[in-house]
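Protein chains in written order, with our numbering: chain A, 1 to 124; chain B, 125 to 248; chain C, 249 to 372; chain D, 373 to 496.
The beta carbon of each residue, even a glycine, is placed where N, CA and C say it ideally should be.
Notes follow once the structure below has been shown.
Structural data, given as structure tokens:
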């Protein structure tokens with residue numbers, strides 16, 4: 001990974017993550033494990049680990065920031081979910097930008113900002 | 125969303141997704157629901173929906189591609205997991221590029237490519 | 249299922265559930281799908297559906313009781329998690345009473361009632 | 373827990389588990405944490421831990437039995453899912469026998485044994 005400090009979310013593309021994950025998987029000869037079925041199971045497992053970190057704990061952003069162990073654990077688990085998600089996107093040759101936009105359009109129709117503008121979450 | 129067809133994973137930055145999700149949440153006044161605890165629960169729920177799509181079905185990429193309904197459902201559920209993940213990243217003001225790189229470094233140490241180069245997944 | 253109204257949680261044994269689930273699976277020739285790996289994935293999917301029902305909704309017991317649709321959905325999803333759990337117990341020939349008691353003993357050691365008696369959940 | 377060796381799945385009722393879990397929660401003054409919303413999140417987390425144990429590993433019953441560490445871990449995680457499920461059932465005053473039977477009846481209608489008798493899992 002050509003890690004330089006001036007790489008960040010402003011200038012890094014999704015392709016960067018795809019390449020990094022692809023290389024990591026291929027170098028270990030793990031493509032055979034990274035089947036669609038295994039990857040969706042893996043994403044769910046990692047999402048469970050992430051969720052566990054805040055079970056019974058309704059912490060604010062500030063409380064999480066102050067707790068370094070918790071903050072690092074949450075960051076790591078977010079990364080784990082994302083890594084497996086990217087590996088699934090690689091396995092299916094998807095464009096995340098494309099599927100994100102398609103889904104956001106559906107969400108905007110389902111939850112029109114005209115109808116959902118006063119903090120109500122669900123349709124009556 | 126200024127959607128143009130020449131936007132894709134090669135040139136779109138993480139900031140793009142962050143902005144889109146932030147705008148969507150704020151326009152609906154949903155920030156109060158998007159607490160860290162609710163978001164980790166939401167990610168886990170969406171990951172479960174994604175996993176369900178391939179339960180009992182060990183489909184190859186090709187089989188998934190041919191099945192348009194399944195393909196769209198998988199794409200949508202990947203997007204849903206990603207959207208909530210981005211909303212959590214927004215709520216905690218994280219740089220995904222940064223936490224991804226940190227975690228990949230840990231993974232590379234844990235699964236050194238010297239030791240893990242022949243398709244074995246777990247340490248003995 | 250020989251359903252009679254005087255069967256309830258007071259007098260029904262775990263064996264009853266095991267037999268019902270076993271019969272259901274065998275009659276449909278589904279044992280081949282009910283492998284340990286598929287069943288743990290299925291349990292996680294159903295647990296996600298259950299969790300989804302209370303996402304963003306911190307409802308009390310009374311609010312849930314009054315909402316018949318929600319009440320039925322929660323009951324059904326609890327049953328779904330339980331049915332797959334029982335199928336896994338069947339697939340591995342486990343005695344739920346035995347593994348429950350073993351785990352409760354571990355929990356009692358980890359969270360001794362002397363140390364955990366004033367509503368604190370986690371060790372400092 | 374009045375544990376005697378001749379208690380097992382043949383003669384133990386669901387009420388036994390309900391009482392044990394209720395006592396455990398009350399003795400620690402944890403009822404305030406065991407809200408419906410927290411419990412569905414907890415069940416999903418524990419289901420993820422269970423699923424993780426067989427991620428990338430399509431083990432047969434025999435292979436699991438021979439691997440004592442794995443066998444104990446699976447047993448413990450099944451118990452954890454079950455314990456939280458029972459605590460949710462307690463929190464909502466449900467009769468598991470009743471909701472199980474209701475759901476099995478729906479499943480029997482949805483997957484009639486006439487239509488689903490040759491190992492096909494999904495409706496065409």
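Please report whether the beta-carbon of residue 52(A) lies at a distance below 9 angstroms from any beta-carbon of chain C. Locating residue 52(A) in the first chain gives position 52, counting from the first residue. Answer no: the Cβ-Cβ gap between residue 52(A) and chain C never drops below 9 angstroms.
Indicate whether residue 419(D) and residue 339(C) have their beta-carbon atoms separated by less than 9 angstroms. Here residue 419(D) refers to the residue found at position 47 of the fourth chain. Here residue 339(C) refers to the residue found at position 91 of the third chain. Against a cut-off of 9 angstroms, the Cβ pair of residue 339(C) and residue 419(D) comes out as no contact.
So what does residue 385(D) bridge to, in DSSP terms? The residue you call residue 385(D) lines up with position 13 of the fourth chain. Answer is 261(C), bridged to residue 385(D).
Mind checking whether residue 323(C) and residue 475(D) have CB atoms under 9 angstroms apart? If you number the third chain from 1, residue 323(C) lands on position 75. If you number the fourth chain from 1, residue 475(D) lands on position 103. For residue 323(C) and residue 475(D), yes; Cβs fall inside 9 angstroms.
Scan the segment 213-242 of chain B and note each continuous alpha helix (DSSP H) run of 4 residues or more that stays entirely inside, going in chain order. 220-234
Output the boundary residues of the alpha helix (DSSP H) element that contains residue 53(A). Mapped onto the first chain, residue 53(A) falls at position 53. Where residue 53(A) is concerned, there is no enclosing alpha helix (DSSP H), given that its DSSP letter is neither H nor E.
Would you kindly work out how many angstroms separate the C-alpha atoms of residue 433(D) and residue 289(C), rounded to a whole number? To locate residue 433(D), count along the fourth chain from 1; it is residue 61. To locate residue 289(C), count along the third chain from 1; it is residue 41. The alpha-carbon atoms of residue 433(D) and residue 289(C) are separated by roughly 16 angstroms.
Inter-residue Cα distance where the pair is residue 81(B) and residue 303(C): It is not possible to answer for residue 81(B), since the shown part of chain B is limited to 125 through 248.
Using a C-beta to C-beta distance shorter than 8 angstroms, which residues of chain D count as neighbours of residue 94(A)? Counting from 1 along the first chain, the entry for residue 94(A) is found at position 94. Residues of chain D passing the Cβ test: none, with the nearest at roughly 22 angstroms.
By alpha-carbon positions, which one of 278(C), 298(C), 335(C) ends up nearest to residue 265(C)? Position 17 of the third chain holds residue 265(C). If we check each option's Cα against that of residue 265(C), 335(C) comes out closest.
By how many angstroms is the C-alpha of residue 267(C) removed from the C-alpha of residue 125(A)? Residue coverage of chain A in this structure runs from 1 to 124, which leaves residue 125(A) outside it and unanswerable.
9 angstroms is my cut-off, CB to CB: does residue 414(D) come that close to chain A? Here residue 414(D) refers to the residue found at position 42 of the fourth chain. Yes, its Cβ sits closer than 9 angstroms to a Cβ of chain A.
Given this structure, state the Cα-to-Cα distance separating residue 58(A) from residue 154(B), to the nearest angstrom. Stepping through the first chain from its first residue, residue 58(A) is reached at position 58. Stepping through the second chain from its first residue, residue 154(B) is reached at position 30. One C-alpha to the other measures close to 17 angstroms.
Using a 10 Å radius around the Cβ and a threshold of 16 neighbouring Cβ atoms, would you call residue 299(C) buried or exposed? Taking the third chain and counting its residues from 1, the one referred to as residue 299(C) is at position 51. With 16 or more Cβ atoms within 10 Å of its Cβ, residue 299(C) is classed as buried.
Please compile the residues from chain B whose C-beta is within a distance smaller than 8 angstroms of the C-beta of residue 333(C). Here residue 333(C) corresponds to residue number 85 of the third chain, with the count starting at 1. In chain order: nothing, as chain B lies at least about 15 angstroms away.
Where does the unbroken alpha helix (DSSP H) through residue 433(D) begin, and where does it stop? Taking the fourth chain and counting its residues from 1, the one referred to as residue 433(D) is at position 61. It spans 433-438 - the alpha helix (DSSP H) in which residue 433(D) sits, taken as one unbroken run.
Under 9 angstroms between C-beta atoms, does residue 194(B) make it to chain C? In the second chain, residue 194(B) corresponds to position 70, counting from 1. No, its Cβ sits nowhere closer than 9 angstroms to a Cβ of chain C.
Distance, residue 9(A) Cα to residue 207(B) Cα: Counted from its first residue, the second chain places residue 207(B) at position 83. Counted from its first residue, the first chain places residue 9(A) at position 9. Distance between the alpha carbons of residue 207(B) and residue 9(A) is about 15 angstroms.
If contacts are defined as beta-carbon pairs under 8 angstroms, then residue 213(B) and residue 36(A) qualify, I think. What distance do you get, rounded to the angstrom? As a first step, residue 213(B) is located in the second chain; it is residue number 89 there, counting from the start. As a first step, residue 36(A) is located in the first chain; it is residue number 36 there, counting from the start. 25 angstroms between Cβ atoms; not a contact.
According to DSSP, is residue 168(B) part of a helix, a strand, or is it coil? As a working note, residue 168(B) is residue 44 in the second chain. Residue state, collapsed to three classes: helix.
Which residue's Cα is closest to the Cα of residue 71(A): 145(B), 219(B), 146(B)? Mapped onto the first chain, residue 71(A) falls at position 71. Checked all of 145(B), 219(B), 146(B); the closest Cα to residue 71(A) is 219(B).
If you measure from the beta carbon of residue 274(B) to each beta carbon in chain A, is any gap under 9 angstroms? Given that chain B is displayed from residue 125 to residue 248, the structure contains no residue 274(B) and the question cannot be resolved.
Would you call residue 341(C) buried or exposed, if buried means 16 or more other Cβ atoms sit within 10 Å of its Cβ? As a working mapping, residue 341(C) is identified with position 93 in the third chain. Residue 341(C) should be labelled exposed.
Does the beta-carbon distance from residue 345(C) to residue 488(D) come in below 9 angstroms? The sequence position of residue 345(C) within the third chain is 97, counting from 1. The sequence position of residue 488(D) within the fourth chain is 116, counting from 1. It is not a contact, given that the beta carbons lie outside the stated cut-off.
Closer than 9 angstroms between beta carbons: that is the criterion. Which residues of the segment 130-153 of chain B meet it against chain A? 131, 132, 133, 134, 135, 136, 137, 138, 139, 140, 141, 142, 144, 145, 148, 151, 152, 153
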